[in-house]
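Residue numbers (my numbering): 1 to 556. Glycine is no exception: its CB is placed at the ideal position from the N, C-alpha and C atoms. Below is one structure, written out as structure tokens, with a few remarks after it.
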RNA sequence: GCGGAUAUGGUGUAGUGGUAACAUAGGAGGUUUCCAACCUCUUGUCGCGGGUUCGACUCCCGCUAUCCGCACCA
């Protein structure tokens, strides 16, 4: 970071705090690391970014919005892999109360304790009885999961079950898959989106909004049929070149279409969502020249992903990953299916039904069951593999080594024709996951313009109208001769309209009021002056150009 | 988590073992006031908790937070 950037960052942060956009949370109690408030201006900004995001994806037509709890049972995040990948297991010494990592304590007793589950660690701890590294006592508490996820207890006392605050919104969309599938008339592809809070008990939150312990995230889980080739129309992006940092290729300039065709982007849907992400970010005010996509190297990939691209935005903290677009394969649905035994599958019909002719033997359960007892299952498998021309009695060698003689009365002929028209498969998932706080930071960072005006220091927040927290400021040139009343009535009318925020300001000189409005990015200011009293017109002044034009009050 | 630095009105800074200053911002009023003008009046500050002391914003200890390295990290 260069020196001018560092002081600019200080001025920007100071302004954000002073004007109620972004503030450290709980500051009267000394603050808390990694937790921020969106103030009276920032709250509205966050909401507009969220809304713009929802609208952007809903416009694709096959996307639904859902909302799932942040409090999540232990077993859900165990199945998803987060307990293993996101947690360290802790145990506390009963003598000196020092907390230790269970896997570290057990290193002398196991080659790779990091890979063990909670109950395996507990068992090994009970068996091996390692001494406390601090006081040498052997008095360990029950092993508990700690660290990157905030853990909690759902319910009271001994009946409570363990849980976490979610580290991502995605899991709720996977566990809702059956309802989503039904809602979408059992047809893929479709997507589900939600915006909400996620929590990670980061070891070391830094750099303001970049690494938070509680953060706003917005995720789309898009369920696709891996047996169908994904087709997407890239013509809206044409030959527009994007900066890509591809695994092993370095920085290249390519259109989305080329990148997908040349397999730099390994899946067309990933490429399509990268293009959609590019549109969204530039629409809400991210500078397209300071945006690039970087492909994860294979050893960098999260535990669930098979291909992943980050959208990185350049700002005061350098290049920061703000969106991750991951091909998660069938990892999540498969994991939850295994853990619960519930089907999380979609049906696909074959283009040609598969006809399976069976001509062979199977057992007659009523005879073979009593005859072979525990071995009956193995006998059945073996008999069904016998050729049709086998004659009985027949001696079989079972896999476990036993020899049995199968009599004719134990078997019956099995001749049938089955028509299989389709199959149940686990859908694949492509997930664009947006860090809303990081994006908001960069909107502010890119919009913050202190180029000055007439040689004096002057700052303007050049926010897109899609996200500007205040739409209009209404000023009376003076608050007298009826100008104040006209301005207040305009203000009241604007406020009564849906999704319009107007601010009324009558204090200070008119120039000062324009400056205050510019600082928080108000796109348009409306001023009531003497002429308004005579002909019912007002001036509208544009933030970015400073130009004014006069319109009738009724046309506002 | 380790090491270093820092913590004074909303913001940016000064300063002292004897209850704190400047600028700016904010509020009220004035000024026919259209790009941070001017005049008058005015609100508001020593991060938290201990200790030393007659007395601590100041010295000491601990905590918390912030910033910079290192480590970790969708």
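Roughly how far, in whole angstroms, is the beta-carbon of residue 563 from the beta-carbon of residue 106, given that I think they are within contact range, below 8 Å?
The chain is shown only over 1 to 556; residue 563 falls outside these bounds and no answer can be derived.
Quick check on residue 183: buried or exposed, where buried means 16 or more other Cβ atoms within 10 Å of its Cβ?
For the purposes of this step, residue 183 is taken as the residue at position 183 of the first chain. With a threshold of 16 other beta carbon atoms within 10 Å, residue 183 falls short and is exposed.
Whether or not the segment 513-521 and the segment 468-482 are in contact is what I'm after, with contact meaning three or more pairs of Cβ atoms, one per stretch, closer than 8 Å; do they touch?
Result yes; three or more Cβ-Cβ pairs closer than 8 Å.
For residue 118, count neighbouring Cβ atoms within 10 angstroms of its own Cβ and tell me buried if that reaches 16, exposed if not.
Locating residue 118 in the first chain gives position 118, where the first residue counts as 1. Taking a 10 Å sphere around the C-beta of residue 118, we find 16 or more other C-beta atoms and assign the residue as buried.
For residue 193, write down the residues that DSSP places opposite it in a beta bridge.
For this step, residue 193 is matched to residue 193 along the first chain. The beta-bridge partner set that DSSP reports for residue 193 consists of 65, 220.
Proximal residues to residue 479 (C-beta, below 6 Å), its chain only, five neighbours per side dropped
Translated into the one-based positions of the first chain, residue 479 becomes position 479. The beta carbon of residue 479 sits closer than 6 Å to the beta carbons of 506 from its chain, once the five residues preceding and following it are set aside; these are given in chain order.
If you scan the segment 345-430 from start to end, which runs of the beta strand (DSSP E) of 3 or more residues do you find wholly inside it?
Correct list: 346-363, 394-397, 403-406, 411-425.
Between 226, 233, 15, 394, which lies nearest to residue 39 when the distance is taken from Cα to Cα?
Translated into the one-based positions of the first chain, residue 39 becomes position 39. Answer by Cα proximity: 15.
Distance between residue 429 and residue 153 (C-alpha atoms, nearest Å):
The residue you call residue 153 lines up with position 153 of the first chain. The residue you call residue 429 lines up with position 429 of the first chain. For residue 153 and residue 429, the distance between alpha carbons rounds to 30 Å.
DSSP-derived helix/strand/coil call for residue 496:
Within the first chain, the letter at position 496 stands for residue 496. Residue 496 falls in the helix class under three-state DSSP.
Among all the DSSP beta bridges, which residues are the ones paired with residue 482?
Within the first chain, the letter at position 482 stands for residue 482. DSSP lists no partner for residue 482.
Between the Cα of residue 290 and the Cα atoms of 362, 328, 446, which residue gives the shortest distance?
Counting from one through the first chain, the residue named residue 290 turns up at place 290. Per the Cα distances, 446.
Cβ pair count under 8 Å reaching 3, the segment 358-373 against the segment 403-423
The segment 358-373, when compared against the segment 403-423, does touch it at the 8 Å Cβ threshold.
Apart from the five residues on each side of it in sequence, which residues of its chain come closer than 8 Å, Cβ to Cβ, to residue 75?
The residue labelled residue 75 in the question sits at position 75 within the first chain. So the list reads 339, once near-sequence residues are dropped.
Applying the 10 Å Cβ sphere with the 16-neighbour rule, what's the burial state of residue 432?
Start at 1 with the first residue of the first chain, and residue 432 comes out as number 432. Under this definition residue 432 is a buried residue.
Have a look at residue 501 and residue 249 and give me their C-alpha separation to the nearest angstrom.
If you number the first chain from 1, residue 501 lands on position 501. If you number the first chain from 1, residue 249 lands on position 249. So the two alpha carbons sit approximately 47 Å from each other.
To the nearest angstrom, how far is the alpha carbon of residue 9 from that of residue 52?
As a working note, residue 9 is residue 9 in the first chain. As a working note, residue 52 is residue 52 in the first chain. Near 26 Å, if we compare the C-alpha coordinates of residue 52 and residue 9.
Please report the straight-line C-alpha distance between residue 205 and residue 537, rounded to a whole angstrom.
Within the first chain, the letter at position 205 stands for residue 205. Within the first chain, the letter at position 537 stands for residue 537. Cα to Cα, the separation comes out at about 52 Å.
Taking residue 121 as the reference, give the member of 102, 137, 246 with the closest Cα.
Position 121 of the first chain holds residue 121. Residue 102 is the option with its Cα nearest to residue 121.
State whether the segment 18-25 contacts the segment 41-60, with contact taken as three or more CB pairs (one from each stretch) at a distance under 8 Å.
As far as the Cβ criterion goes, the segment 18-25 touches the segment 41-60, which means the pair count is three or higher.
Quick one, are the C-beta atoms of residue 270 and residue 307 less than 8 Å apart?
The count along the first chain starts at 1 and reaches residue 270 at position 270. The count along the first chain starts at 1 and reaches residue 307 at position 307. In contact: residue 270 and residue 307 (Cβ atoms closer than 8 Å).
CB-CB under 7 Å to residue 353, same chain, minus the five flanking residues each way: which ones, in chain order?
Mapped onto the first chain, residue 353 falls at position 353. So the qualifying residues of the chain are 419, 420, 421.
Span of the alpha helix (DSSP H) around residue 270
Residue 270 sits at position 270 when you count from the first residue of the first chain. Counting along the chain, the alpha helix (DSSP H) containing residue 270 begins and ends at 268-283.
Measure the beta-carbon distance from residue 196 to residue 217 and round it to whole angstroms, keeping in mind my assumption that it falls under 8 Å.
The residue you call residue 196 lines up with position 196 of the first chain. The residue you call residue 217 lines up with position 217 of the first chain. About 7 Å separates the two Cβ atoms, so the contact holds.
Enumerate in chain order the residues of its own chain whose CB-to-CB distance from residue 491 is below 6 Å, with the five nearest sequence positions on each side excluded.
The residue you call residue 491 lines up with position 491 of the first chain. The beta carbon of residue 491 is closer than 6 Å to those of 474, 502, 504 in its chain, skipping five residues each way along the sequence.
Helix or strand or just coil, what does DSSP make of residue 261?
As a working note, residue 261 is residue 261 in the first chain. The answer is helix: DSSP assigns residue 261 an H, G or I state.
Stretch pair the segment 171-181 + the segment 59-68: three plus CB contacts closer than 8 Å
With the cut-off at 8 Å, the segment 171-181 and the segment 59-68 touch.
Taking the C-alpha atoms as reference points, what is the distance between residue 231 and residue 268?
Your numbering for residue 231 matches position 231 in the first chain. Your numbering for residue 268 matches position 268 in the first chain. In this model, residue 231 and residue 268 are separated by some 7 Å (Cα to Cα).
Could you spell out where the alpha helix (DSSP H) holding residue 243 opens and where it closes?
Residue numbering aside, residue 243 sits at position 243 when the first chain is read from its first letter. Element bounds for residue 243: not the alpha helix (DSSP H) but the beta strand (DSSP E), 242-246.
Exposure label - residue 3; buried when at least 16 CB within 10 Å
Position 3 of the first chain, counting from 1, holds the residue named residue 3. Because residue 3 sits at a pLDDT of 47, beneath the cut-off of 50, its placement in the model cannot be relied upon, and the following sentence gives the value as read from the coordinates. Counting other Cβ atoms within 10 Å of its Cβ, residue 3 stays below 16 and is therefore classed as exposed.
4 or more residues per run - each alpha helix (DSSP H) lying fully within the segment 32-64:
Here the runs fully enclosed are 42-58.
Nearest to residue 462 by CA position, among 434, 226, 331, 444, is which residue?
Translated into positions along the first chain, residue 462 becomes position 462. Looking from the CA of residue 462, the closest CA among 434, 226, 331, 444 belongs to 444.
For the candidate residues 394, 246, 242, 140, whose alpha-carbon lies nearest to that of residue 92?
Along the first chain, one-based indexing puts residue 92 at 92. The candidate whose alpha carbon is nearest that of residue 92 is 140.
Note down, one range per segment and in chain order, each alpha helix (DSSP H) of at least 4 residues found wholly within the segment 159-186.
If only complete runs of 4 or more residues are kept, the segment 159-186 shows the alpha helix (DSSP H) at 170-175, 177-183, in order along the chain.
Mapping the DSSP letters down to three states, classify residue 334 as helix, strand or coil.
For the purposes of this step, residue 334 is identified with residue 334 of the first chain, where counting begins at 1. In this structure, residue 334 counts as helix in the three-state DSSP scheme.
Endpoints, alpha helix (DSSP H) assigned at residue 441:
Indexing the first chain from 1 puts residue 441 at position 441. That run of the alpha helix (DSSP H) goes 436-447.
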